[in-house]
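Note sheet for the following structure.
There are 2 protein chains.
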Amino acid sequence: MSVSASISNKTFRMLALLHALPRAPRKATSAELKEKLANDGHKISKRSVERYLEELSSSHEFGAMLRCDDASQPYGWSIHSERNLSIPGMDAQMAATWDLVHRYLKPLMAKDALDKLDPVFREARSWFEKHRPIGKRYWSDKVAYVPRGFALQPAKVAPGIADQVYDALHRNRQMDIWYKDNAEPQRVHPYALVDRGAVRYLVVRFWQYEDYRHLALQRLRKVRVLDDEVDRAGDFDLDRYLRDSQMNLPYGETIEVVLNFKGRAGDHLYETPINASQSLQKLDDGTLLTAHLEHTQELVWWILGFGASVEVVEPLGLREEVADEVRRAQKLYKK
Amino acid sequence: MSVSASISNKTFRMLALLHALPRAPRKATSAELKEKLANDGHKISKRSVERYLEELSSSHEFGAMLRCDDASQPYGWSIHSERNLSIPGMDAQMAATWDLVHRYLKPLMAKDALDKLDPVFREARSWFEKHRPIGKRYWSDKVAYVPRGFALQPAKVAPGIADQVYDALHRNRQMDIWYKDNAEPQRVHPYALVDRGAVRYLVVRFWQYEDYRHLALQRLRKVRVLDDEVDRAGDFDLDRYLRDSQMNLPYGETIEVVLNFKGRAGDHLYETPINASQSLQKLDDGTLLTAHLEHTQELVWWILGFGASVEVVEPLGLREEVADEVRRAQKLYKK
DNA sequence: AGCGGGGCGACAGTATCTGTCGCAGCGATC
DNA sequence: GATCGCTGCGACAGATACTGTCGCCCCGCT
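Just so you know, the sequences run in chain order A and B. In terms of my numbering, the first sequence is numbered consecutively and its last residue is 336. In terms of my numbering, the second sequence is numbered consecutively and its last residue is 336.
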């Protein structure tokens, strides 16, 4: 009858319910769920929600992943996602992709964040298990990820810390934090999160201070999200902060770099360019690379790594910088 | 009645159907889907499957993601996953995590693989969009990922190539490949995939040849998966191959390395260790690192990157290697 | 033109679903 | 300790929806 007809089809309501259920630490009462569904256009009585929940938890497919906290009176329902059901389901391509993603992230991502994704990876693995050709080599014996470069182990962040930090950031809430060995909490305004691979930093202003500080997440022992809003959240400009701050970040002025790669040291650049601006020129014994890059510590690092296989041709400043570093390094080994 | 009662509840059957639907390029007829569901213990008539599909495609939630190819007579149904529905649904923590994952993978993963994950990232983004505090800064303005090191752009792999390669690998099938500019296809036995970050290599044996070769995925112009099985797939040992091959991989003998980090250059090692074996010793002006590492090109690279901030103390062989490289590098800049 | 197969409408019995009502615990409060 | 409010849950009955079967008809193929 009504134009935007309130859906009254069990299947879709059930799907909406499953989708609306909160993740394990949090929980929702049947009344709240009814409200949530109503907002999504699913008119339903509280009783039916209860019936659905009951049906789900006694079902074979979902019984295991539904939790009902019946300790306190308005029962709290939640979904604990050791398993995860996604539509569309797994297939060979997706399973392979997820497996790769897992390999990529493993050396890179902090364990607390990685753990959250486990249901997906598990689903991919179990797909391979299920569709394994009998008696044949397993998928994981056919794939290797051997990242280039040298990875440090991500710093260990105490469980739950990151969740609360994300929450405070997202909702613009102040926090009490217990930093390092301080016994007393300190109140901070969180503004941004900067991920440096192995370490995540939270950019904050301490209560009643004006300057911004960054705190490494692994040094937070405990946090509590408060109800007070962050002051002047709109004034903070992350991009500007990153460029201006003393975080030792790889930002610098853009320069035109010319590098001479000796022998075949630069061959890989043809297929995996530095960036879109690069151009290559074949030399008698080597390759000449020209590219626009930001002059950063990381750039110097990268060049130094090549040792004698790369010579900086231009700009002169960079050439001097590298030459100086090499000279001083050489002194370390001089007899 | 029966012990493992065949489920006859519309909701669960519908869920199973959604889960059983193949992804867009492939498709399934209603009869096939009926079979699939039967295997999962869902007894259902073909007619009902048809009815379900019809209902889904006319529904508001799923109509957009269901495709019916009615060109040929047994209709082919598929699900094209521009959107994705996962249970449990998004919440702040998961959205934040997925957003981070996206940032991690973007500079690292080839575009063809990354595209496959887009539905998930899109879901996370739209969660933020939906729950954005009114008039406040967007989530993406609060988070930055500034990876350490210097990343090359992943090589571009033609769309669909990787999918077929994964498929052949998983099902142990031979392939016809069109490599580089060769007009004629060549028949290969695929054995393994080695991901080096920017480049993925396929380890194969060419038809009627004995030795293993590796082919960079981005150089495959076209592939066709055949029905013939791979020869002697069980004999191939990826780990051994990686260690023995000439792929220039970072494998080497394990050595005990002692490095002298000058000044504060080694401070980060306290929180982000190299590996579990490391031990640190505070010096007057620096840090002494002792660790068990594999002696590889990547290790030398890493050490060279520090320039004059790191001195190799032991082993002597490594010290000589680094010293020699530095010496030769210095000559490049000598007047 | 005939044939086979698949989509789809129809049907009717049945199983299921839904909102309402009311009772019985269970805390909390006074 | 009694009362009050709230919540879970059983019951109910009307209405609704679901299911498998059957058969027609369209379409492509021979």
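By construction, the Cβ of each residue, glycine as well, lies at the ideal position given by its N, Cα and C atoms. Since the model is a prediction, treat every value here as computed from it, not as a measurement.
Identify whether Phe262 of chain A lies in helix, strand or coil by the three-state DSSP scheme. strand
What number of angstroms, rounded off, separates the C-alpha of Arg233 of chain B from the C-alpha of Arg244 of chain B? 20 Å
Would you call Leu317 of chain A buried or exposed, if buried means 16 or more other Cβ atoms sit within 10 Å of its Cβ? exposed
Contact check, Ala163 of chain B vs Asp228 of chain B, beta carbons under 7 Å: no
Hey, which unbroken runs of the beta strand (DSSP E) at 3 residues or more fall wholly within the region 90-157 of chain B? 144-146
Start and end of the beta strand (DSSP E) containing Ser87 of chain A? Leu86 to Ile88
Is the distance from the Cβ of Tyr76 of chain B to the Cβ of Met15 of chain B below 7 Å? no
Classification of His171 of chain B by the beta-carbon crowding that lies within 10 angstroms, buried from 16 upward: buried
Rounded to the nearest angstrom, what separates Ser3 of chain A and Ser59 of chain B at their Cα positions? The predicted position of Ser3 of chain A is uncertain, since its pLDDT is 30 and thus under 50; a value taken from the coordinates is nonetheless stated next. The alpha-carbon atoms of Ser3 of chain A and Ser59 of chain B are separated by roughly 18 Å.
Determine the burial state of Asp286 of chain A: buried for a count of at least 16 other Cβ atoms within 10 Å of its Cβ, exposed for fewer. exposed
Of all the options B:Thr273, B:Thr288 and B:Asn173, which has the alpha carbon lying nearest to the alpha carbon of Ala226 of chain B? Residue identity differs from the one stated: residue 226 of chain B is Val in this sequence, not Ala. Comparing Cα positions, the closest option is B:Asn173.
Would Glu326 of chain A and Ala309 of chain B qualify as a contact pair, given that the criterion is a beta-carbon distance under 7 Å? yes
For a contact meaning CB atoms closer than 7 Å, what does Tyr1 of chain B contact in chain A? Here chain B has residues from 2 to 336 only, and residue 1 of chain B is not among them.
Within 7 Å of chain B by C-beta, residues of the region 77-92 of chain A in sequence order: Ile80, Ser82, Asn85, Leu86, Ser87, Ile88, Pro89, Gly90 and Asp92
Go ahead and pull the three-state DSSP assignment for Val50 of chain A. helix
With 16 as the cutoff for other CB atoms within 10 Å, does Ile411 of chain B come out buried or exposed? It is not possible to answer for residue 411 of chain B, since the shown part of chain B is limited to 2 through 336.
I'd like to know whether the C-beta of Thr273 of chain B is nearer than 7 Å to at least one C-beta of chain A. yes
Does Ala97 of chain A come within less than 7 Å of chain B when only Cβ atoms are used? yes
DSSP three-state call for Arg244 of chain A: helix, strand or coil? helix
Which of helix, strand or coil does DSSP assign to Ile162 of chain A? helix
Give a yes or no on whether 7 Å exceeds the smallest Cβ distance from Gln175 of chain B to chain A. no
8 Å Cβ shell around Asp212 of chain B - same chain, five flanking residues per side excluded: Arg206
Could you give the distance in angstroms between the alpha-carbon of Glu254 of chain B and the alpha-carbon of Arg320 of chain B? 16 Å
What are the boundary residues of the alpha helix (DSSP H) that Gly306 of chain B is part of? Gln298 to Gly306
Let me know the secondary structure DSSP gives Gly267 of chain B once reduced to three states. coil
Which residue marks the beginning of the alpha helix (DSSP H) containing Phe13 of chain B, and which one marks its end? Lys11 to Ala21
Have a look at Val311 of chain B and Gln331 of chain A and give me their C-alpha separation to the nearest angstrom. 11 Å
Alpha helix (DSSP H) containing Gly318 of chain B: first to last residue? Leu317 to Tyr334
If we call anything under 7 Å between Cβ atoms a contact, is Arg222 of chain A one with Trp208 of chain A? no
For Glu36 of chain A, report the span of its alpha helix (DSSP H) as first-last. Ser31 to Asn40
For Arg24 of chain B, which beta-bridge partners are listed by DSSP? B:Ile80
Whose CA, out of B:Pro23, B:Ala29, B:Leu57 and B:Ala17, lies closest to the CA of Ala39 of chain B? B:Ala17
Tell me the DSSP secondary structure of Arg172 of chain A in three-state form. helix
Beta carbons nearer than 7 Å to chain B: which residues of the region 221-247 of chain A have them? Ala234, Gly235, Leu239 and Leu243
C-alpha distance - Ile304 of chain A paired with Met110 of chain A, whole-angstrom precision: 26 Å
Which residues does DSSP list as the beta-bridge partners of His293 of chain A? A:Glu257
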